[in-house]
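Protein chains in written order, with my numbering: chain A, 1 to 544; chain B, 1001 to 1160; chain C, 2001 to 2088.
Idealized CB from N, CA, C, for every residue including glycine.
Bear in mind that the values here come from a model prediction, so they are computed numbers and not experimental data.
These notes concern the structure reproduced below.
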Amino acid sequence: MYRYDEYDQAIVDARVAEFRDQVARRLANEITEDQFKPLRLMNGLYLQLHAYMLRVAVPYGTLSGTQMHALAHIARKYDRGYGHFTTRQNIQYNWIKLAEAPDLLAELAAVEMHAIQTSGNCIRNISSDQFAGAAADELADPRPYAELLRQWSSFHPEFSFLPRKFKIAVTASDTDRAAIQLHDIGLQLIDRDGVRGFKVWVGGGMGRTPMIGHVVREFIPASQYLSFCEAILRVYNRYGRRDNIYKARIKILVHELGAEEFTRQVEAEWALLEPLALDAPAAEYARIVAQFAEPAYDPAASDRLDLADPGFALWVKQNVHPHKRPGYAIATISLKPVGGIPGDASADQMDLIADLAARYAHDEIRVTHSQNLVLAHVRKADLHALWTALDAVGLATANLDLVTDIIACPGLDYCALANARSIPVAQQIAARFADLDRQHDIGELKIKISGCINACGHHHAGHIGILGVDKKGEEAYQLLLGGSGAEDTSLAKILGPGFTEAGIVDAVEKVIDRYRSVRTGPSERFLDTYRRVGADPFKEAVYG
Amino acid sequence: MGEDQQPVADAAAPPETAANAVILSFRDAPAYEGPVVALADYAANSNTAAVRVEAGEDARSLIPHLARLRLIEVAFPKYRDGRGYSSAQILREAGFTGELRAAGDVLLDQMVFLRRAGFDSFAPARALNPAAVAAALERFPFVYQNAADGRQPVWVRRNG
Amino acid sequence: MIKLLTGNDLLTGDVLWWSGAGWSLHLGDAVAVDGDGLLAKVIAEERINDPALIDAEMTPEGPRPRTMRERIRGRGPTVRLDLNRMPA
Chain A
1 MYRYDEYDQA IVDARVAEFR DQVARRLANE ITEDQFKPLR LMNGLYLQLH
51 AYMLRVAVPY GTLSGTQMHA LAHIARKYDR GYGHFTTRQN IQYNWIKLAE
101 APDLLAELAA VEMHAIQTSG NCIRNISSDQ FAGAAADELA DPRPYAELLR
151 QWSSFHPEFS FLPRKFKIAV TASDTDRAAI QLHDIGLQLI DRDGVRGFKV
201 WVGGGMGRTP MIGHVVREFI PASQYLSFCE AILRVYNRYG RRDNIYKARI
251 KILVHELGAE EFTRQVEAEW ALLEPLALDA PAAEYARIVA QFAEPAYDPA
301 ASDRLDLADP GFALWVKQNV HPHKRPGYAI ATISLKPVGG IPGDASADQM
351 DLIADLAARY AHDEIRVTHS QNLVLAHVRK ADLHALWTAL DAVGLATANL
401 DLVTDIIACP GLDYCALANA RSIPVAQQIA ARFADLDRQH DIGELKIKIS
451 GCINACGHHH AGHIGILGVD KKGEEAYQLL LGGSGAEDTS LAKILGPGFT
501 EAGIVDAVEK VIDRYRSVRT GPSERFLDTY RRVGADPFKE AVYG
Chain B
1001 MGEDQQPVAD AAAPPETAAN AVILSFRDAP AYEGPVVALA DYAANSNTAA
1051 VRVEAGEDAR SLIPHLARLR LIEVAFPKYR DGRGYSSAQI LREAGFTGEL
1101 RAAGDVLLDQ MVFLRRAGFD SFAPARALNP AAVAAALERF PFVYQNAADG
1151 RQPVWVRRNG
Chain C
2001 MIKLLTGNDL LTGDVLWWSG AGWSLHLGDA VAVDGDGLLA KVIAEERIND
2051 PALIDAEMTP EGPRPRTMRE RIRGRGPTVR LDLNRMPA
């Protein structure tokens, strides 16, 4: 894992001091709320419905046990004993007081964490594959590149007042677990002619106008990806629309210019920037790579696994993935118990997971964009003990990627932007499909729920997407089918007229029942069936 | 309207640079005090030494003329409109060494970014406290990336 | 339909309701507000964030905001009733 050196620590500490000063000036009315708001937002502090919400960055989704313990401590001391893991691999606290926020940030800085640029019209937290460094199918660990992007983008003087927010994701395998084609910039690590580099997508995103990214470069050498990103950002900063916030994301610029012309402008800009040698030296990359050195694996770790216990066997089947190392596995901890709040974890759960990470997983924890947690390096021989400990506290739900593993944004229960509640809809769908046998029979099915058009719940990328809308002050829901955030990215389409809260749950069940009757067999996923038969059978099932 | 969804260039009247705005300069030479010509009028007035670039204008069009210019003023109609940072970077990258002035909605908390992007003088619509500016500019001991101010990124310091 | 004056406390972020004499944490204390003079004063003072006049009706149980959003602001998250604001 990356550890701060004196420079990182000094910069993050200075940021805390700066924010402490900014808060003091605001509390003394030396600056107006209009002036202060962008400052607090660039420190992750939003005003939501009930209180301030603080979004803490989890760079590329990786945490140490020490950091997880600190997050638990903060939940107890500054919040109401829990936090919410988000679709951008961050954690949010819902009940923060402005006057206490500087102290909270100081406690975060003490464990090498921050909330820098988790909001605002700047480059946000860099996201990545939750299996990075462990996945059997990856080219190399993408996190050193993500860390370099984190540093390069932190307090970037030219790109701190962009037309709109800007999200970058980095992966290193053909299986896309980070939805890179739905980011402002998506980077996939590849090799070409013996040179390491990136394939670059630009202009993907969800929100009001969902779009899939365009490939603007088939290959940029890794030694030059920062200056290439610099060129993309400069074209966007200069020409992205600033007259209409709903058209201000880079995807709209790419769309309006056309991908070809946008690419031409980026290449022209990069031709000017490239000779300026803006990229980090190779030695810096090597320094960071050294910090992501592999953990001290047990060379004697065995691949043998006793699956006699059916509950354990089911969890292994559903929540455990292959590791690149013999005798090891990747275990996902579902934060989607039936009846729970997707992505929420109590301080006690955070502490327990941190302890389990220390005992069984080389002290490392990952946050996934589907709001679950991952222990990336677990000896197969330890899986049963891990499962037993998780099961004892309700954290061993064997539902990864199944119908109850639902992504839901905070929705109208917390969020000032929301039009409708998301969490209760997720809870009712999960309750309807609580039977595990039924879930496993249905198979992989990703339901994603957003409480407004901003799409924090990724409804456009849901096999089944649900969008909450406002109907004269009351909640209503639209149903979308056929989206995917994986390497086969597609955007879900609205099926028909909307529903009430009870109606949407019934509609989802009708869609799933129809899928079961028209699929070619249990091995055909819902998404594949939808792609094969189209929307009509589902329209008929829901509205017929 | 969402918390982080304020329009960055909405219809609200931009603060005008007051005619008597106090110029805050970080240059050894005194701030240029002669007339400043709008970029759109510049070609016709090529004997002038000072040009103003509005937020949406292409600073690159000045590159052939940089040797003749003593001052380039870059407008910040709203502090959230960040186009002026790219204008400054582009002009410094092209070798402009004259006075580069940020004018308009220039606030204390943007000073670090403005200085790093290459601005060395400021005409704020509302006066800034020079002591507070000095403190803000000293706050961050290190920087993570290259910019027009030439400060050494930590990746250089780290790797000798 | 009546208007209620509400906003969030600058220091704590707490939801506040204008009670006639001052700010209250409890929706039940909210009183009907006439005109927008008070709102303008609150905006100018810069101590309450996102101040707004919202639509409500007076019921035997107290003021009931028109929109679900404001009802949730008044009570708390519907999915964490343990954290909801209890009447004073």
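query, result
"Listed by chain order, chain A residues near Leu2025 (chain C) by CB distance under 8 Å", "Ordered by position in chain A, no residue passes the 8 Å Cβ test against Leu2025 (chain C), which lies about 11 Å from the chain."
"Close-in-space but distant-in-sequence residues of the same chain around Ile406 (chain A) (CB under 6 Å, 5 per side omitted)", "Pro342, Ala426 and Ile447"
"Endpoints, beta strand (DSSP E) assigned at Val195 (chain A)", "Val195 to Val202"
"Cutoff 8 Å: Ile2072 (chain C) Cβ touching any chain A Cβ", "yes"
"Proximal residues of chain C, C-beta to C-beta of Thr32 (chain A) below 7 Å", "Glu2046"
"Rounded straight-line distance, which links the Cα of Ala1102 (chain B) to that of Pro1130 (chain B)", "15 Å"
"Three-state secondary structure assigned by DSSP to Ala1018 (chain B)", "Residue confidence for Ala1018 (chain B) is low, a pLDDT of 49 falling below 50, so the modelled location carries little weight and cannot support an answer."
"Ile468 (chain A) versus Asp506 (chain A): straight-line alpha-carbon distance, rounded", "According to the sequence displayed, residue 468 (chain A) carries Gly and not Ile. Answer to the nearest angstrom: the Cα atoms are 15 Å apart."
"3-residue-minimum beta strand (DSSP E) runs that sit fully inside the segment 433–458 of chain A, ordered along the chain", "447–450"
"is_contact[Glu501 (chain A), chain C] using C-beta, thresh 8 Å", "no"
"Within 8 Å, strictly: CB atoms of Leu2039 (chain C) and Leu2005 (chain C)", "yes"
"Candidates A:Pro310, A:Pro337 and A:Leu305: closest to Pro322 (chain A) by CA position", "A:Leu305"
"Validate contact between the segment 212–220 of chain A and the segment 122–141 of chain A using beta carbons, cut 8 Å, 3 pairs", "no"
"8 Å Cβ cutoff, Ala2066 (chain C) in contact with chain A", "According to the sequence shown, residue 2066 (chain C) is Arg rather than Ala. So, interface residue."
"Residues from the segment 416–431 of chain A in contact with chain C, defined by Cβ distance under 9 Å", "Ala416, Ala418, Asn419, Ala420, Arg421, Ile423, Pro424 and Gln427"
"Boundaries of the alpha helix (DSSP H) in which Ala101 (chain A) is found, first to last residue", "Ala101 to Ala110"
"Reduced DSSP category for Asp998 (chain B) - H, G, I as helix; E, B as strand; rest coil", "Residue 998 (chain B) lies beyond the residue range present for chain B, which begins at 1001 and ends at 1160; the question has no answer from this structure."
"Buried versus exposed call for Thr62 (chain A) [16 or more other C-beta atoms within 10 Å across all chains shown]", "buried"
"Against chain C: residues of the segment 462–491 of chain A by CB proximity under 7 Å", "Gly473, Glu474 and Glu475"
"Glu523 (chain A) to Glu158 (chain A) span [Cα, whole Å]", "The amino acid at residue 523 (chain A) is misidentified as Glu; the sequence shows Ser. The straight-line gap from Cα to Cα measures roughly 50 Å."
"Three-state class that DSSP yields for Arg264 (chain A) in the structure shown", "helix"
"Short CB-CB distance (under 8 Å) between Gly2028 (chain C) and chain A", "no"
"The beta strand (DSSP E) enclosing Arg366 (chain A), as first and last residue numbers", "Glu364 to Val367"
"Within-8 Å CB hit, Lys324 (chain A) to chain C", "no"
"Beta-carbon proximity check, Lys165 (chain A) vs Arg124 (chain A), cutoff 8 Å", "yes"
"Met206 (chain A) (DSSP reduced to helix, strand or coil)", "coil"
"Segments assigned beta strand (DSSP E), at least 3 residues, entirely inside the segment 2023–2085 of chain C", "2048–2059 and 2062–2065"
"Span separating the alpha-carbon of Ala2052 (chain C) from that of Met2058 (chain C)", "18 Å"
"Through-space distance from Arg88 (chain A) to His440 (chain A), alpha-carbon basis", "27 Å"
"With 16 other Cβ atoms within 10 Å as the buried cut-off, status of Val195 (chain A)", "exposed"
"Per DSSP, the bridge partner or partners of Asn2008 (chain C)", "C:Val2015 and C:Asn2049"
"Beta carbon of Gly457 (chain A) nearer than 8 Å to that of Ser484 (chain A)", "no"
"Residue from A:Asn244, A:Gly240 and A:Leu257 whose Cα sits closest to the Cα of Ile250 (chain A)", "A:Gly240"
"Contacting positions in the segment 50–70 of chain A - beta carbon closer than 7 Å to chain C", "His50, Ala51 and Tyr52"
"Cutoff 8 Å: Gln1145 (chain B) Cβ touching any chain D Cβ", "Absent here is chain D; the protein component of the structure consists of chains A, B and C."
"Thr478 (chain A) (DSSP reduced to helix, strand or coil)", "Note that residue 478 (chain A) is Gln in the sequence shown here, rather than Thr. Three-state DSSP puts Gln478 (chain A) in a strand."
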